[in-house]
Each structure stands twice: as C-alpha cells, then as structure tokens.
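Residue numbers (this note's numbering), protein chains in the order written: chain A, 3 to 396; chain B, 3 to 396; chain C, 245 to 608; chain D, 245 to 608.
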Amino acid sequence: MSIEAFRAEVAGWMAANLTGRFAPLFDRGHAGDGDALPELRKDWERKLAEGGWTCIGWPREHGGRGLPVAEQVVFQEEYARAGGPGRLGHIGEGLLGPTLIAFGDDDQKRRFLPAIREGREFWAQGYSEPDAGSDLASIRTRARRDPESGDWLVTGQKVWTSLAHLSDWIFVLARGEEGSIGPKGLIFLMMRLDQPGVEIRPIRQIGGGSEFNATFFDGARVKAGDIVGVPGDGWRIAMALLGFERGLSTLGQQMGFARELDLIIEIATENGAAARPAIRARIARAWAGLRAMRHMAMRMLADHPEPQVQLESLGYKYQWSNWHRDLGRLGMDVLGFSGAAASADPRVEKLRRLFFFTRADTVYGGTNEIQLNIIAERGLGMPREPRGPSGKGA
Amino acid sequence: MSIEAFRAEVAGWMAANLTGRFAPLFDRGHAGDGDALPELRKDWERKLAEGGWTCIGWPREHGGRGLPVAEQVVFQEEYARAGGPGRLGHIGEGLLGPTLIAFGDDDQKRRFLPAIREGREFWAQGYSEPDAGSDLASIRTRARRDPESGDWLVTGQKVWTSLAHLSDWIFVLARGEEGSIGPKGLIFLMMRLDQPGVEIRPIRQIGGGSEFNATFFDGARVKAGDIVGVPGDGWRIAMALLGFERGLSTLGQQMGFARELDLIIEIATENGAAARPAIRARIARAWAGLRAMRHMAMRMLADHPEPQVQLESLGYKYQWSNWHRDLGRLGMDVLGFSGAAASADPRVEKLRRLFFFTRADTVYGGTNEIQLNIIAERGLGMPREPRGPSGKGA
Amino acid sequence: MDLQLSPDQIFMRDEARRLLAERSGSEQLRRAIGAGGFDAALWSTIGGELAWCAVAVPEEAGGLGLGAPELALLAEECGRRLAPVPFWSSACLAAPLVAALGAGEAGAALLGRIAAGEAAACAWPGIGGADPLCGTIPVARRAGGGWTVSATIAAVLDASSAAFFLVPASADGGLGLFAVERPAAAVEPLEGIDLMRPAARLVLDGAAASRIDSAGFSARDFDDALMTARLAEAAEQVGAAQGALDLTLAYVAERVQFGRTIASFQAVKHRCAALLVEISEARSLVHGAARSLDPLEVAAAGVLATQALFRAAEEAIQLHGGVGNTWEYDPHLYLRRAQATAAVFGSTDEKLAIIADALLGDAA
Amino acid sequence: MDLQLSPDQIFMRDEARRLLAERSGSEQLRRAIGAGGFDAALWSTIGGELAWCAVAVPEEAGGLGLGAPELALLAEECGRRLAPVPFWSSACLAAPLVAALGAGEAGAALLGRIAAGEAAACAWPGIGGADPLCGTIPVARRAGGGWTVSATIAAVLDASSAAFFLVPASADGGLGLFAVERPAAAVEPLEGIDLMRPAARLVLDGAAASRIDSAGFSARDFDDALMTARLAEAAEQVGAAQGALDLTLAYVAERVQFGRTIASFQAVKHRCAALLVEISEARSLVHGAARSLDPLEVAAAGVLATQALFRAAEEAIQLHGGVGNTWEYDPHLYLRRAQATAAVFGSTDEKLAIIADALLGDAA
C-alpha cells in the first residue's frame, strides 16, 4: 500500500469511528485534560484495537503490525488531525510493551502484551519519588523478598504516577537490595494496583485538574514472576524504557501543537490582537519554531540518523517543552484581560488550561535543568556535575 | 552655595574652557576611543586641576574639596552633559588616591596625592594576569625583596593595564611571599613605568583600538617605601580598591549612555528605522532601562543606603553592562545594512565603535559570571562555588 | 534629589511587611481562596484599624495626606504576600480617582469612607486595555433630584468585597463620575485566574447613583487620574516578584537532589541572581516614578515590573520542580497574579508604544 | 519524507568540512584579512579544482544539476570556518539568479563560467532591505548592438574578487538582467564589519553590458529568484553559529579559573547546551526549507539562524573573557559575520512580518 493510501485509510477510519457514542471524545483527554471521560476512552482504546490501530509498530511476532516508521508517523499525524482523544493506552503501548519485548521473558510477553494490545489492561508508571524527582538513582521505595512465596513486598511512595487511578497495573522502580545506593541494587517490578497495600491519592495540579497521583505502597505484593530482568537490573531497564518514551508520538504531539497555534490565530484574528505588531511577531516566531520541530523530527526519525542528528536529538525535549510553554503564555497574551476572567467560550477555557499545563512540560520527563546537563555532558562532552557528599542528602 | 548654583558653575566653567585648543576633545576619549589625543587630554587634566575640578570628593586634609555626594553627582552630570573628554586622571583620582588616603603612610600621601590632584602624574592598574582573569587570588607575578636595597624586584605579566603606555606609574598586585597561594602572601606595590625592567605592549581590541596593554616585568624595581601597607596586606587593599571603583562616576556614565541613546533615536528618525514597531519597542525598552539605572543610582547614592539597597547595588554592574551591550546592538540594528559597510558619517562610526566596545563591558571589571556569583553568594546567601582541586590549575 | 526612604517610610514599610508575613502566609491564603479571594479579618485590620487606605487621602478629608511613594511601598508589601484584600482597588485606584475628579461634599464624604476602611471598587468597560474608557460607557440619567446608572461591566476587580462602586458614565452629553452603593448593584462573581483578586460581573439596572464630580471631565482627565493606580500596580508586581523569589530561595536552599541542595547548582544561582537584578531594576523605576508620576516613567515601571513578575513566577514554578506544578504549593498563585496583571491598563507592547511615541513621534 | 542525508550528501559535506578545517583556520583567516578578505588559493581549490560552484548549475550548462539542499550543506561548512571566498555570492546568489532569469546562450555561458570557478557578484540597490530593488535602480541603455549600464551601488558584496557583475537594471521600460565584466567597472573597497566578506562601492559609468534575460521580468520574479540565496545565507549562519560554539567549547575546556576548567561551571554548561539546541533548531529548519524552498520557511530559517548566530558569537566573546575582546582571538570574526548578515534580505522583524502576513493577513 502506498503511504498516501495508508494515510487515507487512517483518516477514513477515524472519520467513521470517532463519531456517535465516541463523538464526545473529540479533542479531549490531552495534556491538562488527561482525566476526562475515562470510561469512554477505555472503550475507545478497545475500538482502536478492533480496528488494528493499537501497537502498530510492535513486531509481528509480538502481536503488532510491524509497520515501518513512515506509516507510524502517518498514523500519529492523522490520529491527531482527526481530533483523536488522548491515548489511555499510551504507557502500556509505548513504554511497558517495548520494555517487555526487549527484556521480558516469554511468559511475561504472553501474559501482558495481548492485554495491552487489546485495550484490556492499562498501565501507570512509578518512577519519581518525593525526594528523588530528577535524581532517579536516589529512589528509596524498597522491595523485599518474601522468603515463603518468593513474591516481592513493596513499601514506599511514588509521585507523578500518571493516571494511576484509571489503571490496572503500575511498573515500579524500587530498591531491591537492602543498603544499596545509587543506580545499583534496583529492581523493576510490575504490580497490580487493585490490592490492599496500595493507596492512590490524586495530586491537584496548578490548573485545577488531577491527572497525576501520589501512590503509596505498604507491603504491596508483586508476584515472583512479575519482575523484569533480575534484581539489580532495574537501572538498566529503566533507562532503556526512558529511551522508548521519545520518538514517534512526537509527530502526533506536533499535530496537537499546530491545532493549538491555529486556535490562537483564530482568536487573535477575532479579537483584534492580530493587529498588534508584537503579537504578530510572536505568532510568526511560534510558527517558525513549530516548523523547526517538524523538520527536527523528520531528521530524527530517519532510519539511521547520523551521529550529528543523534547528538542534536538530545535537545529535542528541551526544544519542544520550552516552545510549548511559550505558546501557553502567547495564548493568554492574545486573550489579554479577557483571559484573566472566566469565559463561556470553551476555546478560552482551552487556552487557560494550556497556559497552566504547559508549565509542567519543562519539568516532567526530565526538567529543563536535567536536559541541559544531559546535553552538555553527553552531547558536548563537558565535565559531569559532581554529586554532593551524601547520596541521600540532608 | 545652592546645588543649582553649583550646577550652573560647573556648566559655566565647562562652556568657558572646553573650547579653543581644547575644542577637539569634545566627546572624545570615552570607552572604545580611550587612546585618543592623549597629550591634549593630559593638558586638559591640568586645566581641570587649575579650575579646582579634580579630586573634588577627596577630604580637604588631603588636598580635595571635600564636596558632598550631591555636588559630586552634579559635577559628573554636567561634565558629561558638556561633552567633557574621558578622564585620563581617573585611575589616580578614583582608585589609587582613595587607596592611599585609606591605607597609605604620610610620606606616600605627600609624595603621590598632590601629583594626582594637579594632573602631573598618571596611573595605570596592574591586577589581571593571563591566567588569572576573574580569579585574582591566583595571580603569579612575583615580588622578591632585594636584600641590599630593601627594594622589591618584580617579575611577571599583567594584562588589561589600561592606558599603561600613557601613564607614569602603575600599581601592581603581586605575590610577595614565595610559595604562598590564594589571597595570602600578596603585596600591593607602586611602580614607575619608565624603567628598564618594564615592557608595555598594546592589546588590539576587537573594534580595532588599543586602550589596553599587556605589561611585562622582568626584575622591575619598586622602591622599599613604595608598597602600600605591609607585605601580605595586598589582598585586603586590592579588594578595598575595587570597592572605590563603583560609585559616583556612575551618573556621568549614565549621562553618556543617554547621549548614545539620543544618537540612536536621531539616526532612527532620519533613516526610517523609527517606523518599525520592533525598533520602536527596543528603543522604548532601552529608555526604560536607562531610567531604572538612574533611579537605582539615586537609591545607591543616598548617604546611608538601607540594607535592601546595599544588597541590590551588588547587581548594578551587571545591570548597566548588559544594558549597554544591548544598546550597542540596538545601534547597529538601527543602522541596518548601512552599518555593515563603512560610512563617512562620524555618527555611524561612533555607533560601530559602541557595538564593539560594549562587548567588553560585560567582561572587564568582573565578568557577568563573576557578578552573578557575587550576587548569589553575598547577596542571596546561596552556597559558594567550590574551587577546583588545585589553586593554580592545569 | 536622592531616593532615600525617610525613617517614617521605612517604618511604615517594615510594619506592613511584618504584619503581612504573619497574617498573609500560605495557610491564610488557602482560607481566603475558600472565601472567594477575600480575607475579611485582614481587611478589617488593614483598612480599619491601621487605616492604610487613609495614607494618600488628603488631610482635609480625614486622611494622612501622603502620596504615591507611600502607597507604592504598601502596595509592594501587599504584592509580596498576595494579600487578599482590596487595598489596591480602594486606596490606589478609587481614592486617587475621587481625589482628582470628585468635588465638594460628595467627594469628601467618599474619601472619608475609604480612609475609614470601606472598600471601593471601580467599574469601567476597558480595564484590560490601554484606554480605560474603550467599550460601551455606562449611561447615567437624571431621576428626581438624583441620578440612576445603567450598565453591564464584564469584569470589576474586587467587586465582591466593595461597599460601593465608582462608575464613570456619560451624563448630560459629557462624562461624570458616579457612586453606586453595593445594595443597588447585582454582583456575579467570576472564576478568574487571580485567586487573590477576584473579579465579578456587575449589572446596574437603573441603579440609584450619586454624582461625585461637579462639572464633568474629559477622557484624558480620567486617564490622568489613574496614574497612581498604574504606578501602584507596578509596585505590587515588584512585590509579588520579590515574593516569588523569596519562595524560590527558600525551596532551593532545602531541596536536595544528587546529594546537594539545588541552591548549590551554579545555573540555579545565576538565574536567581539575574532575577534579583531584574526585580531591583523594576523596583528602582517604581520608586522613581512614584516621586515623578511622569506618565512615561509609570509606563516604563509597568513594563519592567510585569516582566520581572512573570519571570520570577515562571522560575518559581520551574525551580520547585514537580511540586511547583501542584495546587498546594504557592508558586502558581504568583503566576496567576503575573498573568492577570499583565494586561491591566494595557499590555507591555502598548506601554512601550506610549514611550516610543513620546521619543520618536507617532508611528503612523 | 524524512530528512535523512544521502550518502552522497554526507560525503560531500564531510569532505568540505575536512578541507576547510585544514585550509580556513585561524592563521589563514588572518592572512586573508591582509588580502582584503579573500583567499585566492582557497578559491582556486573550491571554485576551480573542486567545482563547488557547479553543484546547483543545471547539467546542460556544465553543472551537476543538484539543488538547494547541497548548496546549503556547503554553505554551512563555509560559514563554520568563515571561509574567505565568494562561494555564497557566486554559487548561491549569482548562479540561481542566472538560472532563473537568464535565457539562451548568454545565460548558459555565464552559468558555465560560474561552474568553472569564475567569481560573480550581484549588484542591486537594496541589499540591506527586505525589498532588494528598493532604492535607485540602475539604468541600461541600448548602445550599438549591445547595452551600457550606469549606476552607483553603495555596497556590493564580494565585489573585489568578482570576474563579472550581475546587475538588474531598468531597460525598455521594464527590468532586465545584465552582466558587466570586471574591467568595465570601478570597484572601491569599503571597510566593512565583516572582514571575511568584503564589500565595495561599485560605479558603472556607461559600462558595456550584455543582457542575460530574454524578455524582462517583474520585481516579484527577481525576488523569487533570490530564494536559494536567502536559504543559503541562513545555512551559512547556522554553520557560523556552530563554528562559534566549537571555538567556545574548545576554549572553556582548556581555560582554568578558580582551579577548575570553565567548562565545569554549570552555568557555562547550560548556556552551551541551550546554544546547541538553538543551533540545531535553526539547522533543522534550514534543512527542511532547503527541500521545500517555501518562502515562509526560508524566512523562518533566516530568523532562527540570525538569532542562533548572534547568540553563539556573543557567548563566544563572553565565555572567552578578556581575550574574547582582543583582535587576535577569533570570536569577533563571528560577531562581525553575525551583525553583517543580520539585515541582508531584511531584518528579523521584516522576516517575521512575512510570516505573520501569511498567517494573519496584512497588518494594515
């Protein structure tokens, strides 16, 4: 099938299916709105699965369609263009699945992958902790082996466990070896969320929504067979998983950015802000940045990006998140004072959400500061930032 | 005399004297043009002295006029407003003089202060070294005592010895104690420049001028009586001297800034740049920054600035130097492409000089980076930046 | 000629700072959010007991007869703690407006009420624009011996706590200033982004009004009468910027990552230091402009203060990391103030245009 | 669909990089300054031996028939080392202009000469503006069987090394493109700020000229024919930004202050890292725009590249400290290029206005 035929197929499927009972999902559930309409969105995931639109990049032997990068890009673009809702299946499909494909055993693949692909089980991620935000190596959640059952008993706290209250499983990075420090002695566990030792509390965000949680473990149980790799492998697996996070969703994300910019242009044209030279220049600058991101993604998504591009791709998260944060502010400045008070216009509310939510873009998934450290140290070969005297801190 | 009468007196004197043979000095010899017309400017210094306009803030007992801050401010303003040339006597009057008044012995005061006040002797400063730019404590120039004469013999190199080739004396911070490191064991010496052990080489700056020198000492001799304080006092004295550098010249400097901004406005109005919204906004922003500097100076120059103002004054150098650097760029952007090629218009040449020279503002006298360290550490109480393993470096 | 604060000014500022540190901390702010962005007890202390609103009211009207410099100092302290009280609306906006445009007993009586701690709010159509009277101006009509005013104003700041409203309205073919008592107005609270300065929709349907001015005034007069309010808004922004920096400094001094306090990372130090410079620049301009009340300096103060506050709030969220994006930490309260005030009396580009027009002549 | 470079493109770029690292280093640049900003030997290698100027010349005119992507790659490498040769003027500006507007044998002959390594320069009045033809357009007159052109052009880039000049001129009531051989022109070198791309005043006093186009063209056609030159200028700026960053990284890795390399200070690291992101952003846009030659993307590439280069040059000077302000260190050479190119084909605000007009409609 030609790429254009494939594009038409995606667009056609979306048009035919994102309608009727799924119509309310149009453009919902994205950043800042991530906890919207959860049950309907789970149904939507199953709908997608029936259509063969989940896990299209997974290898065929693991139930995927093994589609090449170009098709995956097209899918992301058309999904976003059609106003497809935020994907509740994203963490399973994009993070845990590839991790299991790379590091899981056959039994795990058999038990977990089909449920992800079919939209039957949803995943949350458990990495950050209150005292280990950017500094994953200093996590303190402990996993001790129950000598009788061979299961692992987990105690501690994770934060920013996105959508844990809507998920069935969570993967957890924990300290599996008593007394270990830093990246050593960590273990990567897969845990059911509906059990007595787990408590999930919503974290209220600055815009008012609650897409993230703090999740508390008090002797929560992980079956012996539900660890990935062996104890001590946790760091290596976690780092690989973070690598999966980047990539294809980029282009769908950019399509969403473009829709946001279009909305800002629409409002600026309506309310007269488009007549102000400073606003005009900022909108033009935003457009330039968006085009740059698009071409950057096209360079990164080449089959074999050359070293120069690999180096530059270290900066992509910093690039998009700061662009997006600025866009959030631009939206408010286009609204002017009318954005400061409430409005019956849902477009205004969308821009207000954008303003608050984009503040998190430069923090989650590696803060600006961590990104710049990584670029300087790994990309430019500059000296590493020294750790403080204690691995744990004051 | 009322402050306004004093203002009129300064203005009147300048109008009456910056004329005739001194007319060519109008607006010359400032930053980027510091080596212009040196002999005539030395004559001008003597003319100023005759008029009683040198060292007006020095205490009466040391030959000054003991004028209060308000009058000194007015003098600086009117001097600048009249287009008075860059002061060749500045280092003697503003730095070495106050240092001797604070730390010198009676003999030194008698020998040096009158010559400074009367415009007979000019001073250069010898602090920075090639391997000790921002890091004064790591200087390596050595001073050894000649056991016979008691004199000091100095060997080493200083850079950024401003106008050393036009000066009679230089003060030098050197390592007086063999094997000492850091701020310990330093000595503050006063050295004649016209002697065999001294070689002065101009440093060509990026704009083409040569206002600074590298000065080489090869056993250059300092008389036993020409050290300030005692050996080992050097650091304390040098730091005090840097404190004298800030202060009143600020307002004269701002008057110069205002003239530069006026020039930019004049050219923008002539060449049509003033019709471009982005240029208009930048000019307005520059004006706002200049007014802020003015009021900041007015707060700092209060007789007893409160602690809040003392803290904020740590940032003043960073503030003005970055403002000025931006102004240099604004001038070129107002010129547009016509600034890229040469011009017969001296105003264009002035803006070109400004563009290049202001690049140095954020470096000399403490780089941006050092300023921010100082503000963070001394002003905000944040942790000190650790020194590296060696005091000397690789 | 210098800008040294007098001992009285320093005393007043330090007392304000002390009071608000105690009475307008994080917990109190949370309670105020629950109460619609208003702390009645704090207002009774500030407006009533301590009579902050009397500061710039003329002595003959029962005030202290001080001026914009003192108002600016108090506004700065209020901003620093985001004090949820209508000090700016009453003391910096309403009082100078009445003092400038009001006349006779009617004006003096209102000033006396403000000085005594009654909250006032101002209602005009164009609060978000550079031109406060853009939009549909309310209409006043003679009724019996008095007046009625009819209007719908989309957003009035601090409306909910106001005892009365000041309304510029067209009257007899010109402009007049009217006071409408709270019971005569319909006030519909809005969900605004600034949680500490609530806005409301105001509906006046033939509301009984008393006229404050004697013989009308021009739009230009009205604009001039807002100069103190513009200046005080910038002062408040400077204070809020300082407050956001205070929060940040406290957090980075405690928060440990990679075995070090965040405050020990040079990039963090440099950003905090640069912020201090930016705030100090804006503060200097506010102090200077408070003496001159020169329209260009006031506009410039607004530009610098808006920018300083936005950066300080942005950095507060960023340097708080994950928790900076949570409701329960305070940085977002400052971001909300930053964005909400960014376009009061015109956006930054409109303020810069005022300056540019003066320096370079009109653009067109 | 992706933007992967082909093996041929990578080979071409890497060879260019290797050559220029060897032949356009700091010492060679110093010698070129002494020779008026031109390295004749390097030009003979690049233009002659290696035929870089043939890259985008159509095959039928003796070129390789490649396009803007390849020119951009070479321009980027030239920019990185500030190669003092008229590659941009000849290959990116003159050749596409002739290819677009020239016709018949006259055009083909000129393209052949450029492809063979003869340097060409373009002379028009408005090089500093968004509109290249603003100002007084040269006048062409028929003389005998041919033409003469008269004009004074204030600044022509790379004029001194040119073998011939391309001059748009008014002819027969329209616009025509003319070639004037070097001996027929008076070239007065100017002291420009960019030491590696010299400008000269060009005086044509009834100079013999040959007409290149067949039937005239519009100002819009002329503007369109410059798209490759605009794009290549942005590419060159990206390269220069990278070159300035290269310098900086090398210096901070060596320079020790306070017992540590400057590179170990986090604030320095973060600034270098942010610069890399900025350069990479501009580079991505240049690579994308080289494929599309979409006017909006080309304008956007100019905006980002101009900004990246200025910042990189500014930071190079700043992070070199004292020596960054001396003539003998190279950072200022990059700053000169940054400022000199900031307004070729219009300033940043004019480029943004092109984009804004397309997205938002005309301002007026």
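Note that beta-carbon positions come from the ideal geometry of N, C-alpha and C, so glycine has one too.
C-beta contact flag for residue i and residue j at 7 Å
| i | j | result |
| --- | --- | --- |
| residue 171/A | residue 203/A | no |
| residue 321/D | residue 260/D | yes |
| residue 87/B | residue 31/B | yes |
| residue 144/B | residue 158/B | yes |
| residue 82/A | residue 333/A | no |
| residue 290/B | residue 547/C | yes |
| residue 247/D | residue 300/A | yes |
| residue 511/C | residue 560/D | no |
| residue 359/A | residue 34/A | yes |
| residue 455/D | residue 420/D | yes |
Residue i - DSSP class collapsed to helix/strand/coil
| i | result |
| --- | --- |
| residue 446/D | strand |
| residue 389/C | coil |
| residue 28/A | coil |
| residue 455/C | strand |
| residue 489/C | helix |
| residue 303/A | coil |
| residue 393/B | Residue confidence for residue 393/B is low, a pLDDT of 42 falling below 50, so the modelled location carries little weight; the figure read from the coordinates is stated next. It is coil, neither helix nor strand. |
For residue i, the residue or residues it bridges with in DSSP
| i | result |
| --- | --- |
| residue 125/B | 171/B |
| residue 215/A | 204/A |
| residue 528/D | Beta-bridge pairing links residue 528/D to no other residue. |
| residue 397/C | 446/C |
| residue 423/D | 410/D and 454/D |
Nearest residue (CA-CA) to residue i, options the options
| i | options | result |
| --- | --- | --- |
| residue 409/C | 585/C, 365/C, 376/C and 285/C | 365/C |
| residue 573/D | 257/D, 267/D, 264/D and 271/D | 271/D |
| residue 57/B | 40/B, 38/B, 89/B and 367/B | 89/B |
| residue 554/C | 519/C, 542/C and 565/C | 519/C |
| residue 577/C | 563/C, 600/C and 557/C | 557/C |
| residue 351/D | 606/D, 256/D, 304/D and 480/D | 304/D |
| residue 581/C | 515/C, 504/C, 480/C and 496/C | 480/C |
| residue 301/D | 250/D, 278/D, 433/D and 342/D | 342/D |
| residue 99/B | 341/B, 244/B, 331/B and 224/B | 244/B |
| residue 128/A | 384/A, 156/A and 347/A | 156/A |
| residue 80/A | 373/A, 138/A, 11/A and 117/A | 11/A |
| residue 173/B | 160/B, 191/B and 166/B | 191/B |
| residue 267/D | 257/D, 255/D, 312/D and 327/D | 327/D |
| residue 570/C | 210/A, 350/A and 196/A | 210/A |
| residue 197/A | 115/A, 223/A and 72/A | 223/A |
Residue i, enclosing beta strand (DSSP E) - first and last residue
| i | result |
| --- | --- |
| residue 286/D | No beta strand (DSSP E) contains residue 286/D, which is instead part of the alpha helix (DSSP H) from 284 to 287. |
| residue 197/A | Counting along the chain, residue 197/A falls outside any beta strand (DSSP E), and DSSP gives it neither H nor E. |
| residue 258/A | Here residue 258/A belongs to no beta strand (DSSP E); instead the alpha helix (DSSP H) covers 251 to 273. |
| residue 433/D | 430 to 433 |
Residue i: first and last residue of the uninterrupted alpha helix (DSSP H) it sits in
| i | result |
| --- | --- |
| residue 562/C | 539 to 563 |
| residue 157/B | First-last for residue 157/B: 154 to 161, but that is the beta strand (DSSP E), not the alpha helix (DSSP H). |
| residue 82/B | 71 to 83 |
Residue i beta carbon near the ligand ADP (any heavy atom closer than 6 Å)
| i | result |
| --- | --- |
| residue 7/A | By its list of ligands, the structure shown contains no ligand whatsoever, and the ligand ADP lies outside what it can speak to. |
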